[in-house]
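**Q** My structure is below; once you've seen it, I'll send some questions.
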Amino acid sequence: MSNTIIIQRNELKATLQTIQEALNKRYDSSEPTNMLEHLEELSYLLGNSSLAEASAKYWLEEKKKVVIAEYVEKTPHKERLQPLMMKEYITSHCAAEVAAYELATSQHSSLKHRIDAVRSALSYLKAELQNLNQGK
Numbered sequence: 011m012s013n014t015i016i017i018q019r020n021e022l023k024a025t026l027q028t029i030q031e032a033l034n035k036r037y038d039s040s041e042p043t044n045m046l047e048h049l050e051e052l053s054y055l056l057g058n059s060s061l062a063e064a065s066a067k068y069w070l071e072e073k074k075k076v077v078i079a080e081y082v083e084k085t086p087h088k089e090r091l092q093p094l095m096m097k098e099y100i101t102s103h104c105a106a107e108v109a110a111y112e113l114a115t116s117q118h119s120s121l122k123h124r125i126d127a128v129r130s131a132l133s134y135l136k137a138e139l140q141n142l143n144q145g146k
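Okay, so the sequence shown: first residue is 11 according to our numbering, each after it adds one.
Below, the structure is given as structure tokens:
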């Protein structure tokens, strides 16, 4: 695992919280400097969110392996669940990991949309400035 590029399990929550805080920030769309700083922060976090998403998926799959191994070890073959029920069993035992993965996926998408929104606002401000300059 030392050669893999993932966020360690104990650091993933903090990374997701940092991204969420940035997504929750409001910005003044009439202030270009503020928007440029916000865009820079969001762009930086976009890379982190990709890594967070991949890491959350990795830890989910690792947890699934543990749950399956423990289940197989302690459950006699004749008493094992049917595949659909087994899937539900695994999912219920991986609830925290599933939630982290879904949050990471949602944050990544939200960051992309927020970046697009900030870029659009900046383009609008640029067009407004050009119109003002042409009117002089």
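Glycine included, every Cβ here is placed at the ideal spot set by N, Cα and C.
No experiment lies behind these values; they were computed from the predicted model shown.
1. Report buried or exposed for Q117, applying the criterion of at least 16 other Cβ atoms within 10 angstroms of its Cβ.
2. Taking just the CA atoms, how far does A131 sit from K75?
3. Count the other CB atoms within 10 Å of the CB of L113; is the residue buried (16 or more) or exposed (fewer)?
4. Pick helix, strand or coil for M11, following the three-state DSSP scheme.
5. So what's D93 in DSSP terms, helix, strand or just coil?
6. Counting along the chain, where does the alpha helix (DSSP H) carrying E80 start and finish?
7. Buried or exposed for T25, please, with buried defined as at least 16 other CB atoms from any protein chain shown within 10 angstroms of its CB.
8. Are the CB atoms of S65 and I125 nearer to each other than 7 Å?
9. Output the distance between the C-alpha atoms of L33 and S39, rounded to the nearest integer angstrom.
10. Keeping to the same chain, check which residues put their C-beta closer than 6 Å to that of I29; ignore five residues upstream and five downstream.
11. Between the Cα of M96 and those of W69, H123, V82 and A109, spot the shortest distance and give me the residue it belongs to.
12. Looking only at its own chain, which residues have a Cβ that is under 6 Å from the Cβ of M11, when we skip the five neighbours before and after it?
13. When the Cα atoms are used, what is the spatial distance from T85 to P93?
14. Please return the same chain residues whose Cβ sits closer than 6 Å to the Cβ of Y68, not counting the five positions on each side in sequence.
**A** Based on what the coordinates show:
1. buried
2. 46 Å
3. buried
4. Any reading at M11 needs caution, since the residue's pLDDT is 47, under 50, leaving its predicted position unreliable; the model's value is listed next. The answer is coil: DSSP assigns M11 none of H, G, I, E or B.
5. In the sequence as displayed, the identity of residue 93 is Pro instead of Asp. In this structure, P93 counts as helix in the three-state DSSP scheme.
6. P42 to K84
7. buried
8. no
9. 15 Å
10. L55, S59 and Q117
11. V82
12. Summary for M11: the model assigns pLDDT 47, below 50, so the residue's position carries little reliability; its value from the coordinates is reported in the next sentence. Correct list: empty, nothing qualifies.
13. 14 Å
14. I16
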